[in-house]
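Let me begin by presenting the structure, written as structure tokens, before commenting on it.
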Amino acid sequence: KHENLGLEIESLVDFENVEKVFYTAFEPNIDIIKNPKTSPDEKAKELAYLAIESVNQDTFCMQRDGIRSLIEDIAAGVQTPLCEPFIREILNRASGSIDLNEARLRVAKQKEIYPECHL
Numbered sequence: 001k002h003e004n005l006g007l008e009i010e011s012l013v014d015f016e017n018v019e020k021v022f023y024t025a026f027e028p029n030i031d032i033i034k035n036p037k038t039s040p041d042e043k044a045k046e047l048a049y050l051a052i053e054s055v056n057q058d059t060f061c062m063q064r065d066g067i068r069s070l071i072e073d074i075a076a077g078v079q080t081p082l083c084e085p086f087i088r089e090i091l092n093r094a095s096g097s098i099d100l101n102e103a104r105l106r107v108a109k110q111k112e113i114y115p116e117c118h119l
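Here the numbering used here is used: position 59 in the sequence shown is 59, and no number is missing along the way.
As structure tokens, then:
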């Protein structure tokens, strides 16, 4: 049992040659994402806005900002229907960057965070 009402512990049987896998299933907590009438492009725009806004001195230096989280999720194989429009929107907003790492650095520079942080 847990006290987080937006979190469910789920399990899969015989997943990828593992007898039983437990995982967390979070309920979306962003209203626009939960709204079935909102288009994927509008959802992606909101997610990109939030990811970019999450970049600050602390989150950038600790590599805990939304853009870095997306980079890590993609590297781990996470793929959702919103990934492509989400990535595209971040790249567009970050001065037409060619990838998320470049976008993250450009956002940090625009916010005068980078190169102040010693990575």
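All C-beta atoms in this analysis are idealised placements derived from N, C-alpha and C, irrespective of residue type, glycine included.
In this text the structure is predicted, and so the values were computed from the model without any measurement.
| Asked | Found |
| --- | --- |
| Residue environment, residue 15, which counts as buried when at least 16 other CB atoms sit within 10 Å | exposed |
| Which of helix, strand or coil DSSP assigns to residue 120 | Residue 120 cannot be examined here, being either before or after the span of the chain that is shown, 1 to 119. |
| At least 3 beta-carbon pairs within less than 8 Å: the region 80-88 vs the region 39-49 | yes |
| Chain-order list of residues whose beta-carbon lies under 8 Å from that of residue 55 (same chain, five-residue window excluded) | 65, 66, 67, 104, 107, 108, 111 and 113 |
| Bridge partner(s) assigned by DSSP for residue 21 | 12 |
| Residue 30 to residue 36 span [Cα, whole Å] | 12 Å |
| 7 Å Cβ shell around residue 40 - same chain, five flanking residues per side excluded | 81, 82 and 85 |
| DSSP state of residue 82 mapped onto helix, strand, coil | coil |
| Residue 93 vs residue 48 beta-carbon contact at 9 Å | yes |
| Candidates 62, 19, 52 and 9, of which the one nearest residue 91 by Cα | 52 |
| Test item: CB-CB of residue 12 and residue 20 under 9 Å | yes |
| Span separating the alpha-carbon of residue 17 from that of residue 95 | 43 Å |
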